[in-house]
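Residue numbers (the UniProt record's numbering), protein chains in the order written: chain Y, 1 to 225; chain D, 1 to 225. Written below as structure tokens is the structure these notes are about.
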DNA sequence: GTCTTAATTTGTACTCGGTATAAAATTGTG
DNA sequence: CACAATTTTATACCGAGTACAAATTAAGAC
């Protein structure tokens with residue numbers, strides 16, 4: 001069966017140009033609606049006490065549609081996670097004559113200074129992570145994301161230093177940095193929960209800096225330090 | 001990986017006096033049988049292609065019994081994982097005047113020297129981790145175990161230095177060490193897969209030592225270094 | 001040995017996340 | 001309107017894990 005010109009055209013236009021017709025708009029709206037309702041339900045009742053069917057029903061949509069937009073249930077809560085990777089990539093790309101680790105340290109300080117969302121400790125953020133802490137599945141997903149981040153950062157470091165992709169030292173430095181970030185972040189959350197007030201980022205930065213000096217020490221003699 | 005008599009004794013006597021009647025013997029046998037058959041099936045067909053029902057049927061036992069001994073399917077493959085914790089605890093308890101990090105470094109070198117099971121790179125071990133690498137669920141469980149280990153080691157470090165239980169520096173040092181171990185171990189597996197021969201542990205130790213110097217650097221000024 | 005009691009095993013039925021598939025509804029286009 | 005492409009839906013299924021009561025089995029007393 002030979003294909004018509006229109007079929008060929010349609011397939012070619014699909015990947016690049018976004019027509020932004022009624023179809024795409026509705027899709028985005030549906031996706032957003034599902035995500036919002038899911039987040040609301042999860043925060044109210046807890047992740048494990050809300051089924052995907054609940055979410056679908058509350059969004060007036062079938063279960064299949066939910067899984068059509070969000071492959072796993074956890075993705076309903078963790079949206080927008082690869083912004084971090086882009087941030088790291090940019091920092092490494094524009095590192096100039098600084099070492100990769102130094103560039104990342106500068107990025108961290110910038111983020112804290114400008115109260116970026118990743119380090120801001122508002123009650124909303126704390127509530128978000130409370131839901132995560134109460135759910136084994138969400139905690140597992142968090143670990144998975146951490147591991148992906150570690151792997152990606154390792155690749156970026158190796159690329160930035162002109163080293164082979166799997167360079168163990170790059171992987172090591174990435175593991176140390178991501179680990180330090182994790183610990184510092186959890187510590188900040190913990191302090192914010194103990195003391196009722198918002199937490200000053202000095203402690204966070206100090207703990208994180210310990211991680212950076214550790215990474216530098218591990219990378220001594222390599223092109224990453 | 002055969003366990004020593006001292007380990008088995010210590011673990012069994014721990015809860016209370018257990019009469020070694022027919023009942024307990026049968027239980028141990030059943031448990032062992034299930035575990036063995038499961039391991040065999042998983043290594044043959046891959047973790048995801050064997051259902052718990054398959055394991056139960058092959059062991060002439062009901063599904064409920066399987067879950068009675070092993071709460072989750074992953075536990076059928078990951079048995080005996082808290083031996084590590086005991087090893088770490090012993091090393092820290094007998095550290096004498098050395099710093100906690102120094103004591104752990106000594107432990108690592110000892111383990112490598114005496115070709116302990118945790119660092120031995122036999123084809124069997126490599127096959128084990130191949131099964132893990134091919135299964136998302138087992139990889140997730142690996143991450144979970146890593147996290148538990150990190151938390152426990154953090155507590156042990158704090159206790160060993162007389163610091164409060166949640167001391168962030170202890171958590172940081174633990175995260176750095178566990179991360180370094182993970183990277184070094186994966187690297188060793190990778191090398192063992194590329195080169196066909198058994199891998200000399202020098203590279204593993206060198207990479208791990210980078211992690212220890214990193215941890216020392218992060219702990220400078222604290223009682224851990 | 002038998003009887004009683006406690007522990008273990010089993011069958012059954014269920015929940016929930018996730019997939020496969022094909023039919024139905026919706027949208028874009030001529 | 002008609003037709004093709006895309007999206008949504010219904011339905012049926014699989015596998016991990018749980019709840020619960022019935023059935024089996026070992027331990028201990030007599």
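Glycine included, C-beta positions come from ideal geometry on N, C-alpha and C.
Let me know the alpha helix (DSSP H) ranges lying completely inside the stretch 109-182 of chain D, each 4 residues or longer, listed in chain order.
Taking only runs of at least 4 residues, the alpha helix (DSSP H) segments lying wholly in the stretch 109-182 of chain D are 123-133 and 136-160.
Beta-carbon of residue 34(D) versus every beta-carbon of chain Y: anything under 9 Å?
Answer no: the Cβ-Cβ gap between residue 34(D) and chain Y never drops below 9 Å.
Measure the Cβ-Cβ separation of residue 204(D) and residue 188(D) and say whether it is below 9 Å.
Residue 204(D) is a Cβ neighbour of residue 188(D), given a cutoff of 9 Å.
Output the distance between the C-alpha atoms of residue 235(D) and residue 39(D), rounded to the nearest integer angstrom.
An answer regarding residue 235(D) cannot be provided, because it is not within the stretch 1 to 225 covered by chain D.
Under 7 Å between beta-carbons, which chain D residues line up against residue 213(Y)? List them in chain order, please.
217 and 218
In this structure, how does DSSP classify residue 60(D) when only helix, strand and coil are distinguished?
Coil, per DSSP.
With C-beta atoms as the reference, is residue 174(Y) less than 9 Å away from residue 216(D)?
no
DSSP three-state label for residue 77(D), please.
coil
Within chain D, the residues that residue 155(Y) reaches when beta carbons sit closer than 9 Å:
In chain order: nothing, as chain D lies at least about 14 Å away.
Does any residue of chain D bring its CB to less than 9 Å from the CB of residue 205(Y)?
no
Under a CB-based cut-off of 9 Å, is residue 147(Y) close to chain D?
Interface with chain D (9 Å Cβ-Cβ cutoff): residue 147(Y) is included.
With three or more beta-carbon pairs closer than 8 Å as the criterion, would you say the stretch 174-183 of chain Y touches the stretch 134-154 of chain Y?
yes
Would you grab the beta carbon distance between residue 226(Y) and residue 144(D) for me? Rounded to a whole angstrom, and I think it's under 8 Å.
No statement about residue 226(Y) is possible, as the shown extent of chain Y runs from 1 to 225 and does not include it.
For residue 172(D), would you say it is in contact with chain Y, using Cβ-to-Cβ distances shorter than 9 Å as the test?
Among the residues facing chain Y, residue 172(D) is included, as its CB has a counterpart in that chain under 9 Å away.
What residue range is occupied by the uninterrupted alpha helix (DSSP H) comprising residue 47(Y)?
Element bounds for residue 47(Y): n/a, residue is neither H nor E.
Measure the CB-CB distance between residue 167(Y) and residue 180(Y) and report whether it falls below 9 Å.
Not in contact: residue 167(Y) and residue 180(Y) (Cβ atoms no closer than 9 Å).
Would you mind working out which of 170(Y), 128(Y) and 127(Y) sits nearest residue 225(Y), comparing C-alpha positions?
170(Y)
Reduced DSSP secondary structure (H/G/I, E/B, other) of residue 70(Y):
coil
Let's test the definition: count the other Cβ atoms within 10 Å of the Cβ of residue 122(Y) and tell me whether it reaches 16, buried, or not, exposed.
Around the Cβ of residue 122(Y), a 10 Å sphere holds fewer than 16 other Cβ atoms; the residue is exposed.
Tell me whether residue 15(Y) is buried or exposed, calling it buried when 16 or more other Cβ atoms sit within 10 Å of its Cβ.
At residue 15(Y), the pLDDT of 36 sits below 50, so the modelled position is not reliable and the matter cannot be decided from this model.
Chain Y residues whose Cβ lies nearer than 9 Å to that of residue 101(D):
By Cβ distance, chain Y contributes nothing, its closest Cβ being about 11 Å from residue 101(D), past 9 Å.
Using C-beta distances below 6 Å, list every residue in its chain close to residue 184(Y), excluding the 5 sequence neighbours before and after it, in chain order.
For residue 184(Y), where only same-chain residues beyond five positions count, the Cβ hits under 6 Å are 204, 207 and 208.
Report yes or no: do the stretch 73-90 of chain D and the stretch 32-46 of chain D share at least 3 C-beta pairs separated by less than 8 Å?
yes
By the DSSP assignment, the alpha helix (DSSP H) with residue 228(Y) in it spans what residues?
The first residue shown for chain Y is 1 and the last is 225, placing residue 228(Y) beyond what the model contains.
DSSP three-state label for residue 211(Y), please.
helix
Exposed unless 16 or more other CB atoms sit within 10 angstroms - verdict on residue 105(D):
buried
Pull out every residue of the stretch 177-190 of chain Y whose Cβ sits closer than 9 Å to any Cβ of chain D, in chain order.
178, 179, 180, 182, 183, 184, 186, 187 and 190
For a test of the three-state rule: what should DSSP assign to residue 90(D), helix, strand or coil?
helix
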